[in-house]
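Presented below is the structure to which this report refers.
Protein chains: 2
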Amino acid sequence: MSDWTQISGGVTAPKGYRAAGIIAGLKPSGLPDLALIVSEVDAIAAGVFTTSHVRAACVDYCREQLQAKPTARAILCNAGQANAATGLPGIIDAQESAQLIAQALNISSDLVLLASTGVIGQRIKMDALRSGIPRLVESASETGSAAAAKAIATTDLVTKSVALETMIGDRPVRIGGIAKGSGMIHPNMATMLAFVTCDAAVSPQLWQQMLSRAADQSFNQVTVDGDTSTNDSLIALANGQSRTPAITEMGAEAEKLEAMLTKVCTDLAKAIARDGEGATCLIEVRVTGASHNEAARRVARTIAGSSLVKSAIFGRDPNWGRIAGAAGRAGVPFNQEELQIRLGDLLLLKNGQPQAFDRQAASQYLKQQADASIGSPADPSTGNGATQSIDHPVVISVGVGTGSGHGMAWGCDLSYDYVKINAEYTT
Amino acid sequence: MSDWTQISGGVTAPKGYRAAGIIAGLKPSGLPDLALIVSEVDAIAAGVFTTSHVRAACVDYCREQLQAKPTARAILCNAGQANAATGLPGIIDAQESAQLIAQALNISSDLVLLASTGVIGQRIKMDALRSGIPRLVESASETGSAAAAKAIATTDLVTKSVALETMIGDRPVRIGGIAKGSGMIHPNMATMLAFVTCDAAVSPQLWQQMLSRAADQSFNQVTVDGDTSTNDSLIALANGQSRTPAITEMGAEAEKLEAMLTKVCTDLAKAIARDGEGATCLIEVRVTGASHNEAARRVARTIAGSSLVKSAIFGRDPNWGRIAGAAGRAGVPFNQEELQIRLGDLLLLKNGQPQAFDRQAASQYLKQQADASIGSPADPSTGNGATQSIDHPVVISVGVGTGSGHGMAWGCDLSYDYVKINAEYTT
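Protein sequence lines correspond, in order, to chains A and B.
Residue numbers for the first sequence follow our numbering, so the first one is 121 and each next one is one higher.
Residue numbers for the second sequence follow our numbering, so the first one is 121 and each next one is one higher.
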């Protein structure tokens, strides 16, 4: 299934997309804060949004738009103000934002989707947004993905971007994505956002199904601190500009496309976990032997989200008792006599019983994976941003029985800096 | 309902109980590590145990005993080794422990209940236990509660003990309790344990129902780090030695007894939260306006358990956006236009909209409650242990609508020391 190649270009790698990111003056820091993704033709649009009962205006806005009509031309995203807990004025701001970008692009406003990230309880700085929009539209280009990725970031240390290409029939099909998020976040800089573009032609229903399944295996399996935000949004467009035949039902081509979509989402999700506030490494939890996949995913999520497991990993401590404890409380029944735990290649627990293992080697493994994931800092002389690697996770493998259910989850370690970042903001 | 008085004596305050705590040599630290509670007559016994699927041998042992016969004479508790993930040898150790204490007390071994706390994956040091038991039984006395409370502790900074008295008819009835727990804990020193004694006469079924309901409002509403342990146990005995008429069905007297039982459990639960690893204060979350009590309790638990809320409180930051965010993701539907948030007496959010409030005063409130909860350090000259106050929680009040459902939860703040305690243990 994995016959894709990694390419550059992020959300503008697929055909028929432009993107932009500018400084509109929304963030107090003066960093880029307004992003746009545009498809040159109407694209099939799908979305997955926060399940929180406290939601930003843009989330309700997108849900309603997509319910009414699953097509879009543009995604507008502001950073700085979350426009959550802002009541009716916030809803009006969202509607005006959509109208402004529609006018500037000369499209119908019901083809605009919205996302916000920033401080909860703050309305969007509409004056700055109004004056920024013409510049934003003007700067949109086929190489604008990196600028957009930068403009949706808040406390992110690195930007998150990926693009893949595969062949459907004899023509290339591409999917690109950008994301932001690193905890729910200092100072309330809420939110995980991800925008995905694709140039395949897919039916709306199938595209939404593919996206929902991909989200279940990727973004919904990431935990930094367990705090779902008011603004979490994943939006995916498919505009058909690859000129490949329309995919309208499941089959070999649909599976190929879905696998690539899942990979894009998973890479973005891992990048978010790796960039978790204060994190020094990426943790990947692989669970097998459950009665079904969702059971396995639940166990994986619980382990990846355990504060005790996370702080043990930060301490480079192969503390399997905490992993067993977290597995046990996940709400998934299993026979503890069948529990197995591996850290990297080292077997720590077998048939529910502790194994003799080389503690030094286990601790060394944790250290080495953390070191390998550091990446490079930002280079002010070239303008290149900081990087982190998602290719060297700390791998925790857990077997809970003999079932065929399996699943993965990603998280990061819990460090002093997490507390520092989240405690030392003073309102 | 609250016509009780606080008395001293812990689990030996009620009539007909003795207790002991000794140094048996189970803990590497050389601190007290073996505790016993004995009723002079057969007592009605009820229990609430961890829901984890990875459980200590003592948990399965107690569940089976209580299912077969809801009576007990003795509770034996060891600290140092959790006897969890120890397989068949662990089960045999548990059985032998029960037999040894039964022989020493000259009672049937099916009248013994067991609890363990300590390192997961380690079997009880049976040689030390065997040689300790005669001394333990010999030292059991009507003033032994404090010694028992000390012997069940692991990383606890303070011992937890409470006793209350009320009148049923014209005779005093007493309930006492001791507990341990401060996170799921360094280094795997798992577990929340609580033992409650009562001298009322209650029918077994009613006593179990009362205990389950009390646990739902107290221990099940406490969160330090979200990590349910393999060994969590709450055991309650009622031996009838107050010579009051037997309570066999709900009614005024049963309600009075249950209210006092709930108060004992709640005070112990709060003490556990206050002593959370690295905590500088106790947090009490009060939720009203939900459709039913369990919905309110769930919202309260989610807020009390949010890493973001906890680190904001540590930073003395009245960050209501995080409280709103946690409320929203609790899985309980509500209308965000009805959300209200108070910190102490200060109104931060009303009808889902931010209110102007005195941030300085809010931050000052957080600081003052933390300062007031510090208590006194241990006094080596008098032998008195350290104390902490549960009477000055940081109170977060949240309204989610107009329903009659209400509930509370308790937690503590998230500090550098939590990470330090849990990361810096090296196996």
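Think of the CB as a built atom: it goes at the ideal place given N, C-alpha and C, for glycine as much as any other residue.
Everything numeric in this text was worked out from a predicted model, so none of it was measured.
Asked, Found
"First through last residue of the beta strand (DSSP E) which encompasses TRP530/A", "525 to 532"
"Minimum Cβ-Cβ distance from ALA424/B to chain A less than 8 angstroms", "no"
"Residue environment, ASP123/A, which counts as buried when at least 16 other CB atoms sit within 10 Å", "exposed"
"C-beta contact flag for ALA410/A and ALA416/A at 8 angstroms", "yes"
"Reduced DSSP secondary structure (H/G/I, E/B, other) of GLY264/B", "coil"
"Ordered list of alpha helix (DSSP H) runs contained in the stretch 386 to 438 of chain B, each at least 4 residues", "413 to 425, 427 to 434"
"Run of the alpha helix (DSSP H) containing SER259/B, from where it starts to where it stops", "246 to 259"
"Contiguous beta strand (DSSP E) assignments of at least 3 residues, all confined to the stretch 164 to 249 of chain B", "191 to 201, 232 to 239"
"Short CB-CB distance (under 8 angstroms) between TYR536/A and chain B", "yes"
"Beta-carbon spacing of LEU463/A, VAL520/A below 8 angstroms", "no"
"Chain B contact residues for PRO453/A, given Cβ-Cβ distances below 7 angstroms", "HIS173"
"Boundaries (first-last residue) of the beta strand (DSSP E) holding SER517/B", "514 to 519"
"Inter-residue Cα distance where the pair is SER517/A and ARG406/A", "5 angstroms"
"C-beta neighbour in chain A for ILE211/B, strict 8 angstroms", "no"
"Contact the stretch 204 to 213 of chain A vs the stretch 164 to 178 of chain A: 3+ CB pairs below 8 angstroms", "yes"
"PRO453/A burial status per 10 Å Cβ neighbour count (16 or more: buried)", "exposed"
"Beta carbon of ARG449/B nearer than 8 angstroms to that of SER172/A", "yes"
"LEU154/B versus ASN471/A - alpha carbon distance", "30 angstroms"
"The stretch 235 to 250 of chain A: positions lying closer than 8 angstroms to chain E by Cβ", "Looking for chain E here will not work: the only protein chains present are A and B."
"Interface flag, GLN480/B vs chain A, CB-CB below 8 angstroms", "no"
"Cβ neighbour criterion (16 or more within 10 Å) applied to ALA498/A", "exposed"
"Nearest-angstrom beta carbon gap, ILE195/B and TRP327/B [assumed within contact, 8 angstroms]", "TRP327/B to ILE195/B, Cβ: 15 angstroms. No contact."
"Spatial neighbours of ALA432/B in its chain, beta-carbon cut-off 6 angstroms, leaving aside the 5 residues before and after", "ASN439, ARG442"
"Buried or exposed by the 16-neighbour rule on C-beta atoms within 10 Å, applied to SER228/B", "exposed"
"Sequence-distant residues of the same chain with beta carbon closer than 8 angstroms to SER483/A, five excluded per side", "ARG436, ASP437, PRO438"
"Simplified DSSP state of ILE157/A, which is helix, strand or coil", "strand"
"CB contact below 8 angstroms: LEU428/B versus chain A", "yes"
"Through-space distance from LEU284/B to MET380/B, alpha-carbon basis", "7 angstroms"
"Buried/exposed call for SER427/B, threshold 16 Cβ in 10 Å", "buried"
"From VAL316/B, GLN242/B, VAL515/B, THR368/B, residue whose alpha carbon lies closest to that of ALA358/B", "VAL316/B"
"Reduced DSSP secondary structure (H/G/I, E/B, other) of ALA139/A", "strand"
"Assigned exposure category for ALA144/B - 16 Cβ within 10 Å defines buried", "buried"
"Which of helix, strand or coil DSSP assigns to VAL322/B", "strand"
"Residues bridged to ASP162/A (per DSSP)", "Its beta-bridge partners do not exist; DSSP assigns none."
"Nearest to ALA192/A (by Cα), restricted to the options SER332/A, LEU156/A, ALA372/A", "LEU156/A"
"Straight-line Cα distance separating MET370/A from VAL539/B", "47 angstroms"
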